[in-house]
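Before any comments, here is the structure.
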Ligand SMILES: [Zn+2]
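Spelled out as structure tokens, the structure:
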């Protein structure tokens, strides 16, 4: 360090950058998203070797390492396996959602794995593991996971 910087207080500024990007979803995720968008139907892949049904769908079975899979319909209803509540408005939370925001791991009927998504139409204190939930589709669907707006309790 040269003398010209001696005694200068280091300054730190916080800011935010916005980085637009494109992401190729691939044929498996694309088919899944198109089904959500056009048919409001949740589809998964089933391994023809071990029979495990993956949601989100997988191109190949991570247990058998085979690409021998088939598409299957799963229910829009399932069981909440776990959840967490964000009580602050983190940057990763979409602006249209206001804290507290509830994330849940939902295992839909017919699937062997869980889908991470938002829970809605429920207060955090009324959420419990094991509760039954149902997908609520967005009015305007764009071919993303947010075509499912959220999962609500089955009443
Ligand atoms: Zn398998």
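In my numbering, the protein residues as written are 6 to 160. Note that the Cβ used here is the ideal one computed from N, Cα and C, for glycine as well. Here the structure is a predicted model, which means the values were calculated and not measured.
So which of the options has the shortest CA-CA distance to residue i?
i, options, result
"residue 163", "121, 91, 61, 160", "A question about residue 163 goes unanswered here, because the residues of the chain that appear run from 6 up to 160."
"residue 37", "147, 89, 13", "147"
"residue 130", "15, 149, 153, 91", "91"
"residue 116", "48, 12, 135, 28", "48"
Any idea what DSSP makes of residue i, helix, strand or coil?
i, result
"residue 130", "helix"
"residue 98", "coil"
"residue 78", "strand"
"residue 35", "helix"
"residue 20", "coil"
"residue 107", "strand"
"residue 153", "strand"
How many angstroms separate the CA atom of residue i from the CA atom of residue j?
i, j, result
"residue 66", "residue 127", "35 Å"
"residue 155", "residue 125", "6 Å"
"residue 35", "residue 72", "17 Å"
Would you mind reading off the limits of the beta strand (DSSP E) that contains residue i?
i, result
"residue 120", "120-124"
"residue 51", "48-52"
"residue 137", "137-142"
Given the structure, does residue i come close to ligand 3, in the sense that its CB is under 7 Å from one of the ligand's heavy atoms?
i, result
"residue 54", "In terms of ligand content, the structure shown lacks ligand 3 and carries ligand 1 instead."
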